[in-house]
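Residue numbers (the numbering used here): 10 to 197.
Note that beta-carbon positions come from the ideal geometry of N, C-alpha and C, so glycine has one too.
Remember, it's a predicted structure, so these values are computed and weren't measured experimentally.
Down below is the structure, laid out as structure tokens.
This is how it looks when you write it as structure tokens:
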């Protein structure tokens, strides 16, 4: 599939502990140690992501369905990266498309909804918590978390590292911990 995409994507395999550059997708067959990871399709010139599109694909046809969707959206200038969960990872965010802005996000959503019309059985219905719903099963969106990592080194001040990419899950759990610490677990 990657030979049909222009520009040709840079492929990265994200495992639980490390990232591995891939020359071609066929190398995944020999990577049993990466079960449960993600394959990232990155545009070579990158850019800053402000929006995300979340897609829940059923595992049985995930690769084929992701390939069909990627062929529809890859030419959009504001699509920066797309990732798909490899076999063995059951996730409601089995595909995430990283977009430059809201206009790109809306165009990706339009194309994915159109693709879904005759392939509804390939999509799951659930989405990650706090992801905006689109009215179509398994398709949602959200804004990129701020590039500021919540960090509490001494329980008295809020510090953060700028320009840190992170997952929504890490960002949410950090903020929840800080809120609990300031309210429920406050020292007397």
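Starting from residue i, follow its DSSP beta bridges and name the residues at the other end.
i	result
residue 28	23
residue 60	108 and 152
residue 125	Answer by DSSP bridge pairing: none, since residue 125 is not bridged.
residue 141	150
residue 132	66
Along the chain, where does the beta strand (DSSP E) that runs through residue i open and close?
i	result
residue 93	88-94
residue 51	47-51
Here's a check: name, in chain order, each residue in its chain whose Cβ is nearer than 6 angstroms to the Cβ of residue i, leaving out the five neighbours to either side.
i	result
residue 129	none
residue 45	97 and 98
With 16 other CB atoms within 10 Å as the buried threshold, where does residue i fall?
i	result
residue 127	exposed
residue 118	buried
residue 53	exposed
residue 102	buried
residue 55	exposed
residue 79	buried
residue 185	exposed
residue 47	buried
residue 194	exposed
residue 26	exposed
residue 22	buried
Counting only the same chain and skipping the five closest in sequence on each side, list residues whose C-beta sits under 8 angstroms from that of residue i.
i	result
residue 15	83 and 84
residue 237	This structure gives no information on residue 237, because the portion of the chain shown stretches from 10 to 197.
residue 11	For residue 11, the pLDDT reaches just 48, beneath the cut-off of 50, and the residue's location in the model is therefore unreliable, although a value from the coordinates is still provided. Excluding residues within five positions, the ones whose Cβ falls inside 8 angstroms are 17, 18, 20, 33, 34 and 50.
The alpha helix (DSSP H) with residue i in it runs from where to where?
i	result
residue 193	Unbroken run through residue 193: none, as it is neither H nor E.
residue 75	71-82
If residue i sits next to residue j, beta carbons under 8 angstroms apart, how far is it from one beta carbon to the other, in whole angstroms?
i	j	result
residue 93	residue 71	7 angstroms
residue 114	residue 57	That pair is no contact at about 14 angstroms.
residue 49	residue 74	Their Cβ separation, rounded to whole angstroms, is 17 angstroms, which puts residue 49 and residue 74 out of contact at 8 angstroms.
residue 51	residue 132	Rounded, the Cβ-Cβ distance is 24 angstroms, inconsistent with contact.
residue 88	residue 106	6 angstroms
residue 9	residue 138	Residue 9 falls outside the range modelled here, since the chain spans only 10 to 197, and no answer is possible.
residue 152	residue 59	7 angstroms
Please find out if some non-hydrogen atom of the ligand PLP comes closer than 7 angstroms to the beta-carbon of residue i.
i	result
residue 116	Inclusion of the ligand PLP in the displayed structure is not the case, the ligand content being empty and no account of it being possible.
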